[in-house]
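Scroll down for the structure; my scribbles are underneath it.
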Amino acid sequence: MTGTVTGRQKADAPEPIRRFFMPEVSESWESLAERASTVAATSIDVGTLQSWNLHLSMRPPSIILTPTDIVFVDPPLPE
Amino acid sequence: MFDLIIKNGLICDGTGTLPAMGAVAIQGGKIISVAREADSSPALGEAHKTVDAGGAVIAPGFIDPHTHFDAQLTWDGLAKPSIEHGVTTIIPGNCSLSLAPLKKEHREFLGATFRQIEEMPKSAFDAGLRWTWETFGEYADSIRPNLGIHVAPLVGHSLLRLWVLGLESRKRVSTPAEVRQLCDLLRESLDGGALGLSTSFSDIDHEFRPVPCRLGTMEELHALAAVLGERDRPLQVLPEFWDIDLLCTRIDLLADISLRHEIPVTFSPLFESASTPRLVERALERLELHAARGARLTAQMQTRPVDMTFDTSIPSAVFTAMPNWMGMLMQGPDATRKAFADKSMRAALVADSETDQMPIALSFQLGDTILSAATGAAIADVGRPLREIAAERGQHPAEVLMDISLDEDLSARFTAKGLGHFDEEKIAPHLDHPQIQIGSGDGGAHVARFATYGDTGHLFARYVRAHRALSLERAVQRLTADIADVWGLKGKGRIAPGLDADFVLFDPETIDRGPEELAFDLPDAGKSFRFIRQARGVHEVFVGGASVYSEAKGYSDARRGQIVEGGQVR
Numbered sequence: 013m014t015g016t017v018t019g020r021q022k023a024d025a026p027e028p029i030r031r032f033f034m035p036e037v038s039e040s041w042e043s044l045a046e047r048a049s050t051v052a053a054t055s056i057d058v059g060t061l062q063s064w065n066l067h068l069s070m071r072p073p074s075i076i077l078t079p080t081d082i083v084f085v086d087p088p089l090p091e
Numbered sequence: 005m006f007d008l009i010i011k012n013g014l015i016c017d018g019t020g021t022l023p024a025m026g027a028v029a030i031q032g033g034k035i036i037s038v039a040r041e042a043d044s045s046p047a048l049g050e051a052h053k054t055v056d057a058g059g060a061v062i063a064p065g066f067i068d069p070h071t072h073f074d075a076q077l078t079w080d081g082l083a084k085p086s087i088e089h090g091v092t093t094i095i096p097g098n099c100s101l102s103l104a105p106l107k108k109e110h111r112e113f114l115g116a117t118f119r120q121i122e123e124m125p126k127s128a129f130d131a132g133l134r135w136t137w138e139t140f141g142e143y144a145d146s147i148r149p150n151l152g153i154h155v156a157p158l159v160g161h162s163l164l165r166l167w168v169l170g171l172e173s174r175k176r177v178s179t180p181a182e183v184r185q186l187c188d189l190l191r192e193s194l195d196g197g198a199l200g201l202s203t204s205f206s207d208i209d210h211e212f213r214p215v216p217c218r219l220g221t222m223e224e225l226h227a228l229a230a231v232l233g234e235r236d237r238p239l240q241v242l243p244e245f246w247d248i249d250l251l252c253t254r255i256d257l258l259a260d261i262s263l264r265h266e267i268p269v270t271f272s273p274l275f276e277s278a279s280t281p282r283l284v285e286r287a288l289e290r291l292e293l294h295a296a297r298g299a300r301l302t303a304q305m306q307t308r309p310v311d312m313t314f315d316t317s318i319p320s321a322v323f324t325a326m327p328n329w330m331g332m333l334m335q336g337p338d339a340t341r342k343a344f345a346d347k348s349m350r351a352a353l354v355a356d357s358e359t360d361q362m363p364i365a366l367s368f369q370l371g372d373t374i375l376s377a378a379t380g381a382a383i384a385d386v387g388r389p390l391r392e393i394a395a396e397r398g399q400h401p402a403e404v405l406m407d408i409s410l411d412e413d414l415s416a417r418f419t420a421k422g423l424g425h426f427d428e429e430k431i432a433p434h435l436d437h438p439q440i441q442i443g444s445g446d447g448g449a450h451v452a453r454f455a456t457y458g459d460t461g462h463l464f465a466r467y468v469r470a471h472r473a474l475s476l477e478r479a480v481q482r483l484t485a486d487i488a489d490v491w492g493l494k495g496k497g498r499i500a501p502g503l504d505a506d507f508v509l510f511d512p513e514t515i516d517r518g519p520e521e522l523a524f525d526l527p528d529a530g531k532s533f534r535f536i537r538q539a540r541g542v543h544e545v546f547v548g549g550a551s552v553y554s555e556a557k558g559y560s561d562a563r564r565g566q567i568v569e570g571g572q573v574r
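Residue numbers (this note's numbering), protein chains in the order written: chain A, 13 to 91; chain B, 5 to 574.
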């Protein structure tokens with residue numbers, strides 16, 4: 013599931029504030045970067061993706077990636 | 005002949021209309037008539053018992069939509085002290101965690117998870133809880149006979165997954181066949197008395213792993229939401245509440261669930277924080293966008309500031325962004341004593357305490373922390389901030405905390421005030437916002453950290469009287485009809501003929517929460533304690549037409565609480 017593909021959303025659904033997708037359980041960062049590049053239609057390396065997703069990359073190892081986690085493929089918005 | 009007439013009261017009926025003096029007549033636990041005249045009780049007729057409200061407000065019983073009383077209800081059917089604050093209906097089972105349905109072999113795991121997340125002392129949990137159920141219906145049946153308060157319990161998504169997938173629910177997604185089983189189990193739980201479903205995108209268990217519901221996919225959640233849609237039942241969610249981008253994205257996803265399955269969805273918490281000052285504003289913008297699309301999505305906001313009391317015998321959330329502290333505390337008291345006495349470790353802990361990072365949306369400064377309880381030499385410093393004591397001693401505040409803790413064998417308590425949600429000028433308009441409901445009180449949880457009781461009185465004391473942000477009748481509406489309508493609570497939230505006879509009689513000039521105090525009333529014979537707040541200005545509370553609490557007599561033996569029916573969403 014991505015922020016732009018939700019088949020039954022109404023036409024007037026607002027654009028996501030940052031594009032995203034959801035990972036597989038314990039998916040590797042290499043795999044995530046590949047998928048992120050596809051969603052964003054531009055190359056995103058692992059380091060960049062991790063820096064945009066500190067809520068995931070800074071987690072302790074015991075808190076594995078889950079299928080409802082949000083992986084952003086855009087940089088953080090300025091507050 | 006009525007069972008009861010309550011006369012000479014200022015009726016705030018929950019609709020937000022102007023209050024009027026009058027009386028209400030009750031029979032069989034229901035409101036039969038409401039008369040709005042100064043001396044109207046004769047018009048209603050005779051009653052076996054008449055209560056003179058003496059001009060106090062007569063309001064529908066308050067509703068607390070975010071509690072974790074699941075365990076306490078097995079030994080305390082009144083959910084004390086919530087009920088004395090005027091709360092006559094509670095919603096437990098939030099954040100994916102209920103106590104049913106649960107197979108016998110998973111009790112130990114679930115108990116440890118529940119105690120970790122809701123911060124319930126093990127001694128009290130073990131002493132009070134008698135696991136006599138497996139299904140949700142059996143749990144409801146086990147608490148029903150002793151209920152003096154109404155309960156509208158949610159079934160936890162983590163419990164559903166634990167039942168169907170076993171401990172594999174912590175590791176993997178469900179198969180299509182398992183999703184069907186989850187949906188069947190949800191239907192069975194709703195049949196057994198569950199009001200709706202709760203889930204979480206944030207919680208971690210006692211082994212610091214995601215709770216089982218977090219291993220479910222969005223497709224699984226949509227399948228469960230479709231079951232809720234069959235009966236117009238609510239979904240409660242714990243989102244990534246501390247981060248603007250994550251929260252706004254999650255709001256989009258939740259709005260999609262609400263729209264697609266035509267169900268009410270509510271998330272909690274949402275609170276003001278100095279560390280993320282625009283979070284509430286941005287979340288509300290998003291909520292308003294989706295409300296315009298027809299989504300029934302609301303956020304819950306508490307009325308009280310976030311204060312937290314801790315000692316150094318166990319881990320506390322205030323140390324979340326201090327890895328040396330957290331790592332040490334997680335190893336237990338012996339490791340903590342050793343570290344506090346070790347020169348190099350003390351230096352590391354001092355350095356750790358200077359972090360600019362904040363725990364989840366909280367603003368913790370160790371130096372501002374107050375020594376709140378001590379029995380030894382430090383007793384003279386109780387009530388003073390560590391920064392002040394440290395200046396006198398020529399120490400760092402973290403060193404003061406360590407030394408006092410060592411002197412008191414880790415039993416000294418410290419209170420961090422104003423960790424978040426303390427800017428009342430900013431909070432006031434939120435409490436009247438249509439996409440916000442007043443909740444997130446967390447009653448029954450975090451019992452040794454802070455008192456989760458009295459948010460209702462705090463609303464009147466701070467936001468009706470001090471700030472004049474809400475009228476009396478609007479505040480009552482916010483605590484009653486507005487919540488009942490979101491959650492579809494049948495017969496609740498208003499004073500009108502045919503509805504349940506749940507009332508709170510209070511003095512609008514004095515209703516408040518009392519000071520935080522220690523209580524040794526958990527079922528482990530005083531081995532552990534909890535923080536409570538007693539009510540002020542609440543004269544009497546009625547559930548099902550029976551007085552369950554009065555200022556003069558305390559708690560009664562009345563047990564007219566019920567498992568509340570749902571599906572009446574407005």
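Positions of the beta carbon are idealized from the N, C-alpha and C atoms, including for glycine.
| query | result |
| --- | --- |
| Could you name the residues of the stretch 186-214 of chain B whose beta carbon sits closer than 8 Å to any beta carbon of chain A, in the order they occur along the chain? | Phe205, Ile208, Glu211, Phe212, Arg213 and Pro214 |
| Thinking C-alpha only, which one of B:Gly197, B:Leu370, B:His210 and B:Asp486 is nearest Pro579 (chain B)? | No answer is possible for residue 579 (chain B): it lies beyond the span of chain B, which begins at 5 and ends at 574. |
| Do you know offhand how far His44 (chain A)'s Cα is from Asp561 (chain B)'s? | It is worth fixing the name first, because residue 44 (chain A) is Leu in this sequence and not His. Taking the straight line joining both Cα atoms gives about 59 Å. |
| Check Val468 (chain B) in the structure and name its three-state DSSP category. | helix |
| By the criterion of Cβ-Cβ separation under 7 Å, what are the contact partners of Leu89 (chain A) in chain B? | Asp249 |
| From Arg563 (chain B) to Asp17 (chain B), what does the alpha carbon distance come to, in whole angstroms? | 24 Å |
| Can you list, in chain order, the stretches of the alpha helix (DSSP H) that have 4 or more residues and sit fully within the stretch 51-90 of chain A? | 58-64 and 66-69 |
| Measuring only between beta-carbons, confirm whether Asp256 (chain B) sits less than 8 Å from chain A. | yes |
| Taking the runs of the beta strand (DSSP E) that are 3 residues or longer, which of them lie wholly in the stretch 126-174 of chain B? | 158-160 |
| Residue ranges of each alpha helix (DSSP H) run of no fewer than 4 residues wholly in the stretch 19-79 of chain B, ordered along the chain? | 45-48 |
| With 8 Å as the threshold, decide whether the Cβ of Val58 (chain A) is near any Cβ in chain B. | no |
| Look at the alpha carbon of Ile29 (chain A) and the alpha carbon of Pro125 (chain B), and state the distance between them as a whole number of angstroms. | 41 Å |
| Could you please give the first and the last residue of the uninterrupted alpha helix (DSSP H) stretch that includes Gln185 (chain B)? | Pro180 to Asp195 |
| Is Pro519 (chain B) closer than 8 Å to Arg537 (chain B) when the C-beta atoms are compared? | yes |
| Within the present structure, is the beta-carbon of Arg341 (chain B) separated from the nearest heavy atom of the ligand FMN by less than 7 Å? | Looking for the ligand FMN in the displayed structure turns up nothing, as the structure carries no ligands at all. |
| Could you list which residues in chain B have their beta carbon closer than 7 Å to that of Phe32 (chain A), in chain order? | Thr253 |
| Please tell me whether Val10 (chain A) has its Cβ less than 8 Å away from any Cβ of chain B. | The question about residue 10 (chain A) has no answer here: the residues shown for chain A are numbered 13 through 91. |
| At a CB distance below 8 Å, what residues from the stretch 231-249 of chain B approach chain A? Give them in sequence order. | Glu244, Asp247, Ile248 and Asp249 |
| Applying the criterion that 16 or more other CB atoms from any shown protein chain within 10 Å of the CB defines a buried residue, is Gln335 (chain B) buried or exposed? | exposed |
| If we count Cβ pairs, one from each stretch, closer than 8 Å, do we get three or more for the stretch 462-470 of chain B versus the stretch 413-425 of chain B? | no |
| Measuring alpha carbon to alpha carbon, tell me which of B:Asp356, B:Leu410 and B:Gly387 ends up nearest Phe418 (chain B). | B:Gly387 |
| Rounded to the nearest angstrom, what separates Ala343 (chain B) and Gly398 (chain B) at their Cα positions? | 21 Å |
| Note down the Cα distance separating Ala25 (chain A) from Gly443 (chain B), rounded to an integer number of angstroms. | 28 Å |
| Return helix, strand or coil for Ser625 (chain B), following the three-state DSSP convention. | Because chain B in this structure spans residues 5 to 574, residue 625 (chain B) falls outside the shown range and cannot be described. |
| Give the range of the beta strand (DSSP E) segment to which Ile536 (chain B) is assigned. | Arg534 to Arg540 |
| Taking Cβ-Cβ distances below 9 Å as the criterion, which residues of the stretch 285-313 of chain B are in contact with chain A? | Arg286, Arg290, Leu293, His294, Ala296, Arg297 and Gly298 |
| Can you check which of these residues, B:Leu225, B:Thr78 and B:Ala29, is closest to Val4 (chain B) by C-alpha distance? | Outside the shown range of chain B, which is 5 to 574, sits residue 4 (chain B), and nothing can be said about it. |
| Could you name the residues of the stretch 110-122 of chain B whose beta carbon sits closer than 9 Å to any beta carbon of chain A, in the order they occur along the chain? | none |
| Pop quiz: Ile10 (chain B) and Gly502 (chain B) are said to be a contact at Cβ under 8 Å. What is the actual Cβ separation, rounded to whole angstroms? | Actually they are not in contact, since the Cβ atoms of Ile10 (chain B) and Gly502 (chain B) sit about 17 Å apart, beyond 8 Å. |
| To the nearest angstrom, how far is it from the Cα of Gly141 (chain B) to the Cα of Pro527 (chain B)? | 25 Å |
| Name, going along the chain, the residues of the stretch 61-74 of chain A whose beta-carbon falls closer than 7 Å to a beta-carbon of chain B. | His67, Pro72 and Ser74 |
| Between Leu589 (chain B) and Ile267 (chain B), is the Cβ-Cβ spacing less than 8 Å? | Not covered by the structure: residue 589 (chain B). The range shown for chain B is 5 to 574. |
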